[in-house]
Structure formats: structure tokens, C-alpha cells
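Colleague: One structure follows; several queries about it will come next.
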Amino acid sequence: MRNIIKNLFLATLLIHGAPAFADFGDRQIDWTAVESEDFRDYAVRGLNGKNALLNQFWPEYWVKQRFLDLNLRSPKPLDTAIIVNMNSLSVNAFAMPGNFIGLHLGLWEFADTEDEFLSVLAHEMSHLTLDHFLRLTDNQSDQRWLATTGIILAILFAQENADIASAAWLGSMAAASQNSRNFSQAMELEADQYGQELMEGSEYDPTAARSFFQRLSSASLGSRSYEFLQTHPYGSTRAARLDNQQPTEQSGQASEPTAFDALRYFILQKKGVRTASPYDGWQPESLQTDPNVLFGWYEHEYSRTEDTTGHLNNLDNLITAHRGFLPAYLRRLELLEETDDTARLCDSYFEFRDLINSDYVTLDVISVMREVSLHCQPNQHPEWYAQELWQSGQEQRAIQFLRRVIQDETSSNLLARRRVMLTEMERRYQRFR
């Protein structure tokens, strides 16, 4: 049964560009905080099991910081959320129940500016903030409501009756497929307007969404199909509705790369997409430059010189100037692991471990922590390994591994901690079987 739910859930996202529930959401859908957290965890595991997430810490860290900026200035801030980068070059985005937002890799390629990119994030946040999913329950003729309800029913029924859960999925998907692109135009426009106000209140360009939709509508007339216009219809209408906002005055071409420029170049290079370097003809003047821009510059220079010692010195300076800029801590760990300086490696490991605490991190972070823990904290290695298996969608292997570790454990403290971890994994696994 669990596979039925998982495969239908992922098929909706990955094959059809999330048409059934790409634009839905509310803060909790009457779920408790624990239920919402369980669903976010399930979504991450399911998507990782299909290799659907980018799993690069730096882009995810930056997006989360921008989410916090926007959320801080919202009249109705969202509770805990997870924003992931999808490993897909399609131009699309979606919001899901439980405060789960996905941004496709194609957005990084298509957006011209940071403000355009963030206007999409603001739009998806607005669907959640405005309780659009709950409001759709007042109009049960909406086929997309049926599809989204099927997700919830399947989750609620899964642990009670597999046949009911399967019927909930298949019935709702069949009904929704007849009219999968007729989402409420009023709600789309409402999310556009709220997102625009969110951008303006956060001192981003409130006209960015208009330029994004205009370019996307124009591009879609060519040979390439843009999924964002399939799951977020009325592109030209929405651009026109946003047209009454005056553009933010610009002082001309920026004299240095932006954080978005640096990240966009970094991401697309790793995906093999050729793009111009934002660092051509540019050098940082001081350590007070945006840490993302500095970090990207140091990575750019390291790819050219392969000077590990120099790169580590640059990262140390960056961390000193910008305490808490976590991507630099992770990169330093990766580089130190290739050296013989175990003392420095372990100091960096414990510092980074304390900073990330229990926050959601991408698989690349968990993998590095697992490897380094062998040198610096061997008794923690089994837990990092179990977490890596779990988050990558190998839940049964994670549970079986922890059971074996517990059987052989002699330390009462470690035994208690691992039993708590196992109990939580078993509870979440049973919930979505």
C-alpha cells in the first residue's frame, strides 16, 4: 500500500509537473505540527527515493534564508516549512499541504534576476498563507480539490485500510484528470497580488513577477513548453493585472555579482548547463561583500588554481567575517577531510554539528558528517548512517540497521538515544505504509 501511495504521489509531481496540487496549501490543513512535520519528512524521503531532489546545501540554505526574509514581513507568517530544489530543468514550482514548497531547477535557469526568482517563491508562499486549500473545500466541484483531497484521504486511511486508501487515491486522480488544468483563476491572481505585496514589504522589486510572467508567456509561444504555465495558468492575464505597479527604480547595471548570480552559475555548472560566469573581470574589494558572492568567488578561483591551502584560508576568513554562514563551514569540512590535519578537521566537525543542530539538512551534509564522524566521533557514526539511509528513501534499511546496532550496544546513553531514533522512524514508517 505504501508503494501505491508513494508512486502515485511522485508520479503526480514528476510526470505531470504537479498539476493536481501544485498550487495548493495551507499552513496546517487542520493537521497538528507533528502531522505536518511527518508529511514533510515523508515527502523528502519519497522524492529522494526517486532522485528528484537536487540535494545541494548551499542553494537550499540561501533559499531558506530568503524564505525567512519574506516570512518575517508577512502579516500571517507561516510556521516551520521545508523548501526544496527539484532536480528538474523544467520551469515550475509548487506548494503542498504541511508547508512544503518545491522549486524546479529550471527556475534558476529561466529567471533573469534574484527578484524574479523570489517572486515565484513569494507566490507559492502566498497560496499557503491565504489558506487556499481549505477554501477550496467550499467548492467541491473543483476537480483539483478532489485530487488534493485524495492525498489527504490516502494518508489518513493508509494505516487503517489499504483498500480504502487505494480507492481514495485512484478515485480522486481519475476525477481530477478530466479537468486537471482548470485551477481557480481568482486564487492564482490573489496569490500573485499577495506575493507582490510580500516582495515590496521585503524591499524586493514588486514588479519582478510581472516581468517573469511576460517573458514566460512570450517564451511559451515558441517551441519549448513551460510547465509553470500549465500548472499556473493565465500568464498574460496575470502579467497585465500586475501591470499597475510602478517598477522599482534601478541605478543601472550592478557593479558586482549578486548572490543569485553566484548560485545560478554554481548550480547550472554542476548540471552541465553552459552559462557565463558572473565573475569575469570582477574581484572582491573587501570581506564585507555578500558572503554568498564571496563564497562563489572562492569556489570559482579554487576550480582554477586547485590551491587547497589558499582556499581553506579564504574560507576561514569568510567564516570569521560572516559567522553562521553555514555553506562555508560545510565546504571547509569537505576540504579538511582530504588533509592530514585531524585536529582541525574535528574542531570544524563539532562546530558545524552544533550549528546545524536538529535542522533539516540536505543529503550532501549528512553524507559528509557520516564520513567525518568516523574520525572525530565514532559513536555518532551509526546515527548519521541511519539518517542518511532514512532520508534517501531507504527506510527499511535504516530501521533494520538501527535494530542491529541496538542489539550490540553496551552504553546506556547511546542505547537510549538510538531507541528514541528507532521508535520515531518506526512510527513515521508505519504511518505511511
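Residue numbers -22 to -1, 1 to 411, in mature numbering (1 follows the signal peptide of the UniProt record, and there is no 0), belong to the letters of the sequence shown in order.
Where is the CB? At the ideal position from N, CA and C, for every residue including glycine.
(1) If you draw a straight line from the alpha carbon of residue 359 to that of residue 375, how long is it in whole angstroms?
(2) What residue does the beta strand (DSSP E) around residue 414 start on, and which one ends it?
(3) If distances are taken between C-alpha atoms only, which option among 383, 16, 13, 32 comes closest to residue 343?
(4) Do you know whose CA, among 336, 325, 244, lies nearest residue 40's CA?
(5) Determine the burial state of residue 426: buried for a count of at least 16 other Cβ atoms within 10 Å of its Cβ, exposed for fewer.
(6) Return yes when the Cβ of residue 396 is within less than 8 Å of the Cβ of residue 361, no when it is not.
(7) What does residue 413 pair with, by DSSP beta-bridge criteria?
(8) Going by DSSP in three states, residue 80 sits in which element: helix, strand or coil?
(9) Quick one: is residue 55 buried, meaning 16 or more other Cβ sit within 10 Å of its Cβ, or exposed?
(10) How about residue 65 and residue 30: do their beta carbons lie closer than 8 Å?
(11) According to DSSP, simplified to helix, strand and coil, what is residue 2?
(12) Rounded to whole angstroms, how far is the Cβ of residue 417 from the Cβ of residue 99, which I believe are closer than 8 Å?
(13) So, is the C-beta of residue 337 closer than 8 Å to a C-beta in chain B?
(14) Considering Cα atoms alone, identify which of 271, 266, 264 is closest to residue 255.
(15) I'd like to check one pair, residue 77 with residue 180: are the Cβ atoms closer than 8 Å?
(16) What does residue 321 pair with, by DSSP beta-bridge criteria?
(17) Would you please state the rounded distance, in angstroms, between the beta carbons of residue 289 and residue 308? I believe it to be under 8 Å.
(18) Do you know whose CA, among 299, 284, 182, lies nearest residue 265's CA?
(19) Can you name, in chain order, every residue of its own chain whose Cβ lies under 8 Å from the Cβ of residue 42, other than the five neighbours on each side?
(20) Hey, could you find the ends of the alpha helix (DSSP H) residue 273 is sitting in?
(21) Count the other CB atoms within 10 Å of the CB of residue 357; is the residue buried (16 or more) or exposed (fewer)?
(22) Take the Cβ of residue 70 as the centre, count every other Cβ of all protein chains shown within 10 Å, and call the residue buried at 16 or more, exposed below.
(23) Are residue 340 and residue 38 closer than 8 Å when you measure CB to CB?
(24) Cα separation between residue 83 and residue 68?
(25) Would you report the Cα separation of residue 301 and residue 294, rounded to the nearest angstrom?
(26) Could you compute how far the alpha carbon of residue 306 sits from the alpha carbon of residue 297?
(27) Is any non-hydrogen atom of the ligand NAD found closer than 7 Å to the C-beta of residue 297, if you look at the structure I gave you?
(28) Using 8 Å for Cβ pairs, my map puts residue 27 next to residue 371. What's the rounded Cβ distance?
Modeller: With the given structure in hand:
(1) Rounded to whole angstroms, residue 359 to residue 375 spans 16 Å at the Cα level.
(2) Only positions -22 to 411 of the chain appear in the structure, and residue 414 is not among them; the question remains open.
(3) For the residues 383, 16, 13, 32, the minimum Cα distance to residue 343 belongs to 32.
(4) Nearest of 336, 325, 244 to residue 40, Cα basis: 244.
(5) Any answer about residue 426 is impossible in this case: the structure gives the chain only from -22 up to 411.
(6) Note that the C-beta distance between residue 361 and residue 396 is below 8 Å.
(7) Lying before the first or after the last residue shown, residue 413 is absent from the chain, which here runs from -22 to 411.
(8) In the three-state reduction of the DSSP assignment, residue 80 falls in the strand class.
(9) When all chains shown are included, residue 55 counts as exposed.
(10) Yes, the pair counts as a contact, with Cβ atoms nearer than the cut-off.
(11) Note that residue 2 scores 31 on pLDDT, short of 50, meaning its location in the model is unreliable and no value can be drawn from it.
(12) A query on residue 417 cannot be resolved here, the shown segment of the chain reaching from -22 to 411 and no further.
(13) In summary, chain B is missing from the structure at hand, where a single protein chain is found.
(14) For residue 255, the nearest C-alpha among the options comes from 271.
(15) Their beta carbons are not under 8 Å apart, which means residue 180 does not touch residue 77 by this criterion.
(16) Residue 321 is not bridged by DSSP to any residue.
(17) No, residue 289 and residue 308 are not in contact; Cβ-Cβ is about 13 Å, not under 8 Å.
(18) Of 299, 284, 182, the residue nearest in Cα terms is 299.
(19) In chain order, 61 place their CB closer than 8 Å to the CB of residue 42, counting only its own chain and leaving out the 5 sequence neighbours on each side.
(20) The continuous alpha helix (DSSP H) containing residue 273 extends over residues 269 to 283.
(21) Answer is exposed; the Cβ neighbour count stays below 16.
(22) By the 10 Å Cβ count, residue 70 comes out buried.
(23) Cβ distance < 8 Å, so residue 340 and residue 38 count as in contact.
(24) The straight-line gap from Cα to Cα measures roughly 7 Å.
(25) Their backbone Cα atoms lie some 10 Å apart in a straight line.
(26) For the pair residue 306 and residue 297, the Cα-to-Cα distance works out to about 7 Å.
(27) Ligands displayed in this structure: none; no statement on the ligand NAD is therefore possible.
(28) Between residue 27 and residue 371, the beta carbon gap of about 3 Å places them in contact (Cβ cut-off 8 Å).
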